[in-house]
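In order, the protein sequence lines correspond to chains A and B. Numbers 0 to 338, taken from numbering that gives the first Met the number 0, label the letters of the first sequence in order. Numbers 0 to 231, taken from numbering that gives the first Met the number 0, label the letters of the second sequence in order. Idealized CB from N, CA, C, for every residue including glycine. Scroll down for the structure; my scribbles are underneath it.
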Amino acid sequence: MTHFSYKNYIIPIFLQLTITGFGMLFTDALGMVNMALIHLIPVLVIAVYGDMKATMLITTISVILFDVLYVPPKYSFSVHDLLYVWSFILFYAVGYIITFQAIRLRSNAIKDILLNTLSHDLKTPLASILGNAAILLKEKSISEADKEEIAHQIKRSGIQMNRLIQTLLDSARIQNSKAFMRYEWCDIQDIIGIALQEFNRDDKGIRIAIDHDLPLYWGDEALLIRLMVNLIDNAMKYSGYSSSPIRISVTMQTSEIIITVFNPSDPIPKTDLRDMFEKFYRLDSTGDIKGSGIGLSICKEIVDAHNGYIEAYNAEGGIEVRVALPIEKLYTSNKEYIS
Amino acid sequence: MTKDLVLIVEDDLAISKMLHYMLKQDGYKCMISENLKNALRTFQTHNPEIILLDLGLPDGDGKSFIKTVRKETTIPIIVVSARHDEQEIVAALDAGADDYVIKPFSDIELSARIRSAQRRSIGVSPSHDSIVCGDIILELDALVVYKKGIALNLTPTEFNLLKYFMMHPNQVLTHANVLKEVWGVGYQNEMHYLRTFVNSLRKKIEDDSSRPHYIVTQMRVGYRFNCENEKL
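Rendered as C-alpha cells:
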C-alpha cells in the first residue's frame with residue numbers, strides 16, 4: 000500500500016459538509032431513514048479508495064454528525080432511543096466491509112499488473128538468452144563475427160535481467176518497511192560513479208556537473224545508487240538516436256540537494272510527465288523500447304523514502320527529471336581531522 | 000602459459016563448470032570441491048596455488064576454512080559470493096581472504112582478480128623512497144605527491160590515506176581496515192571521515208572524479224586502489 004495522503008480526506012469531508020447542510024434544510028421532508036442513508040455516502044466514498052484508518056475517521060465524523068444533528072435529543076451526544084446505537088454500529092460495519100473488500104480488489108489488481116509486467120520483462124531477455132544459446136549449440140556453420148554478436152546479445156540480456164532483479168529486490172526492501180532503510184553518510188559523487196560503473200563503457204556521452212563543496216548526505220546508499228542507475232538507464236533508453244549528451248547535475252541548495260538528469264527527447268505531454276512515476280506506467284508512444292515502468296516507479300519510491308520530491312518536465316531540447324532530497328541531518332565536517 | 004593449480008570450492012555445478020572453463024582459457028589447472036570437507040582434503044594433498052571459495056556451502060562456514068588455510072600458507076584466496084551478503088564478504092576478508100567477486104561476474108573480472116592476488120602473494124617489495132602508480136608518484140621521505148609531474152597540495156591526512164592506498168595496490172581494503180590504519184584504532188566506525196577524504200583526494204588525483212580510475216569504490220565493502228604498473 001502506498002501512503003494515504005491527507006489530501007484524500009478533502010473530498011469526503013467536503014461531501015460530509017454538503018450533506019449536512021442539505022440535511023439540515025430538508026430533515027422534515029426526508030425523514031430519519033433517508034438522513035441516515037445520506038450520511039453513509041461519505042463513508043462509502045472513502046471506503047472505496049482509502050485505508051481502514053481513513054474510513055474509521057470519516058465514519059466517526061458521520062456518526063457524530065448524525066447523532067448530534069438528527070437523533071433526538073437534537074444537538075446533544077446523548078441518545079434516547081437505544082435503537083440508534085444499532086444504526087451507529089451499522090455505519091461502522093458498512094465502512095469496514097467495503098474498505099476490506101476494496102483493499103483486497105486493489106491488491107489483486109496490483110498483483111496482476113506486477114505479474115504481467117514481470118513475466119514480460121523477465122521473459123523477453125530470457126527468451127533472447129535461450130534462443131541465442133540454442134543457435135550457438137545447433138548451427139555449426141556460423142561465422143565468427145555472428146557468433147560474437149550472438150554471445151554479446153546473450154550477455155546484454157543477462158545484464159538487463161540482473162538490473163531488473165536488483166530493482167525488484169530494492170523495491171521489496173522499501174515496501175516492506177522503512178525500518179529496513181540503512182542510513183549512513185553518503186558521498187553523492189561516489190554514488191553517481193558507482194551507478195555509472197553499471198553501464199561499463201556506454202557512459203562516455205554523459206556530462207556530469209557536481210557542486211564542488213557538496214556535503215555528505217544522510218541516506219540509504221544502496222537505494223540512492225539504484226535511483227541513479229534507473230534514472231541514467233531511463234535517460235539512455237529514451238534519448239533515442241540523438242547525438243546530444245545526457246547531463247547530470249548535482250547542486251546544493253539551502254535545505255536540499257538537487258539532482259537533475261537531462262536527456263534529449265521530443266517534448267512529452269504534461270499528463271504523461273506526471274504519470275511517468277506511477278507504478279508500471281509506460282508512455283504509449285514508447286511501446287517498442289525495452290524496459291518496464293518499474294524503473295521510474297521505484298525512483299519515486301526511493302525519493303519518497305527519503306522524504307524528497309521527484310518530477311519530470313520538458314526542458315529545452317529534451318526532458319529533465321529533477322530530484323530534490325531534503326537534508327534532514329546536516330553534515331558538519333570535523334575540521335580537526337583535516338590537518 | 001601458467002600451469003598453476005586452482006582449487007574451486009563451489010557446490011553449484013553450473014557455476015563450478017563455468018569457473019573451470021574460464022580458468023582453463025587462462026591456462027590454469029583446476030580441481031573442484033563441492034563442500035568444505037572435500038576442499039580441506041584437496042588443499043592438504045594437492046597444494047593448490049590459488050583458492051576460489053564460494054561462501055554459501057552445504058557443510059558450513061567458509062570463514063573457518065579461510066582461517067585454517069591461512070595458518071599454513073599465504074596463497075591467494077578469492078571469495079565468490081552472491082550480492083546480498085556484503086557483511087559476509089567483509090568478514091571473509093577480515094578472516095584472511097585476499098579478494099572477492101560477486102555473482103554474476105565476468106571472466107575478465109575474475110582473471111583480473113586472480114592476477115592481482117597472485118602478484119601480491121609473490122611479494123611486493125616497497126621500492127625505496129617513492130611509489131609510482133600510473134601518472135602518480137608519491138615520495139615517502141619528502142612527503143610530496145606528483146601527478147603528471149606537478150606537485151599536488153595534499154593535507155597530511157590526504158597524504159597518509161593515499162600512501163596507505165598506494166602501498167596496498169589492487170586489493171580490497173575494507174572501510175574498517177583503512178580507518179584503523181590511517182586514523183588509528185578506535186576510528187573503525189567513522190565512515191564519514193573516509194567518505195569525506197576519499198572525495199577530496201579524488202578531486203586532486205583523478206582526471207574525472209565522477210569516474211574515478213585510481214580509487215574505486217567497492218560498494219558496502221571498501222576501496223580498491225588501481226595500479227596498473229606491471230613492475231608491481
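Item: Alpha carbon of A/Val-320 to alpha carbon of A/Lys-269, nearest angstrom; Value: 13 Å
Item: Identity of the residue in A/Thr-26, A/Asp-50, A/Leu-68 nearest A/Asn-7 by Cα; Value: A/Asp-50
Item: Closest by C-alpha distance to A/Ile-40, when choosing among A/Ala-28, A/Trp-217, A/Gly-22, A/Glu-143; Value: A/Gly-22
Item: Beta-carbon proximity check, B/Ile-214 vs B/Leu-200, cutoff 8 Å; Value: yes
Item: Cβ of A/Gln-152 within 8 Å of any chain B Cβ; Value: no
Item: Proximal residues, the region 202-225 of chain B versus chain A, C-beta separation under 9 Å; Value: Lys-202, Asp-207, Ser-208, Ser-209, Arg-210, Pro-211, Val-215, Thr-216, Met-218, Arg-219
Item: Limits of the beta strand (DSSP E) - the one that A/Thr-250 falls within; Value: 245-251
Item: B/His-174 at chain A interface by Cβ criterion, 8 Å; Value: no
Item: Alpha-carbon spacing of B/Tyr-27 relative to B/Asn-46, whole angstroms; Value: 14 Å
Item: A/Lys-328, buried or exposed, once every other Cβ within 10 Å from all chains shown has been counted against 16; Value: exposed
Item: B/Ala-96 and B/Ile-76 closer than 8 Å at C-beta; Value: yes
Item: Proximity test, Cβ basis, 8 Å: A/Ile-63 and chain B; Value: no
Item: Segments of 4+ residues assigned as alpha helix (DSSP H) that fall wholly inside the region 2-81 of chain B; Value: 12-24, 35-45, 61-71
Item: For B/Ala-150: DSSP bridge partner residues; Value: B/Tyr-145
Item: Three-state class that DSSP yields for B/Tyr-222 in the structure shown; Value: strand
Item: Under the three-state DSSP convention, the category A/Ile-288 falls into; Value: Residue placement at A/Ile-288 is flagged as unreliable, the pLDDT there being 47, under the threshold of 50; a coordinate-derived value is accordingly withheld.
Item: Cβ-Cβ separation, A/Thr-58 to A/Phe-13 (assumed contact under 8 Å), whole Å; Value: Rounded, the Cβ-Cβ distance is 16 Å, inconsistent with contact.
Item: Cβ-Cβ separation, B/Thr-216 to A/Gly-192 (assumed contact under 8 Å), whole Å; Value: 7 Å
Item: Test: A/Asp-232 CB closer than 8 Å to a CB of chain B; Value: no
Item: Validate contact between the region 55-74 of chain A and the region 26-44 of chain A using beta carbons, cut 8 Å, 3 pairs; Value: yes
Item: Bounding residues of the alpha helix (DSSP H) (the contiguous stretch that carries B/Val-89); Value: 85-94
Item: Element boundaries [beta strand (DSSP E), containing B/Leu-137]; Value: 135-138
Item: B/Arg-178 burial status per 10 Å Cβ neighbour count (16 or more: buried); Value: For the sequence presented, residue 178 of chain B should be read as Leu rather than Arg. Buried: at least 16 other Cβ atoms inside 10 Å.
Item: Positions along the region 183-202 of chain A whose CB lies within less than 7 Å of some CB in chain B; Value: Glu-183, Trp-184, Asp-186, Gln-188, Asp-189, Ile-191, Gly-192, Ile-193, Leu-195
Item: Ranges of the beta strand (DSSP E) found wholly within the region 182-211 of chain A, counting only runs of at least 3; Value: 182-185, 205-209
Item: Own chain, CB closer than 6 Å to A/Phe-87, minus 5 neighbours either side, in chain order; Value: Val-62
Item: Identity of the residues DSSP links to A/Ile-256 by a beta bridge; Value: A/Met-251, A/Leu-324
Item: Beta-carbon proximity list for B/Ser-63, same chain, < 7 Å, skipping 5 on both sides; Value: none
Item: Other residues of its chain near A/Asn-229: CB distance less than 8 Å, five sequence neighbours each side excluded; Value: Thr-166, Gly-294, Leu-295, Ile-297, Cys-298
Item: Local Cβ density within 10 Å of A/Ser-77, reported as buried at 16 or more and exposed below that; Value: exposed
Item: Closer than 8 Å at the beta carbon, the chain A residues around B/Arg-194; Value: Trp-184, Cys-185, Asp-186, Asp-189, Leu-215
Item: Residues of its chain near B/Ile-50, where Cβ-Cβ distance is below 6 Å and the 5 sequence neighbours each way are ignored; Value: Leu-6, Ile-76
Item: Short CB-CB distance (under 8 Å) between B/His-191 and chain A; Value: yes
Item: Cβ neighbour criterion (16 or more within 10 Å) applied to A/Asp-232; Value: buried
Item: Beta carbon proximity, B/Asn-198 to chain A, threshold 8 Å; Value: yes
Item: Under 8 Å by beta carbon: chain B residues contacting A/Gly-157; Value: Pro-103
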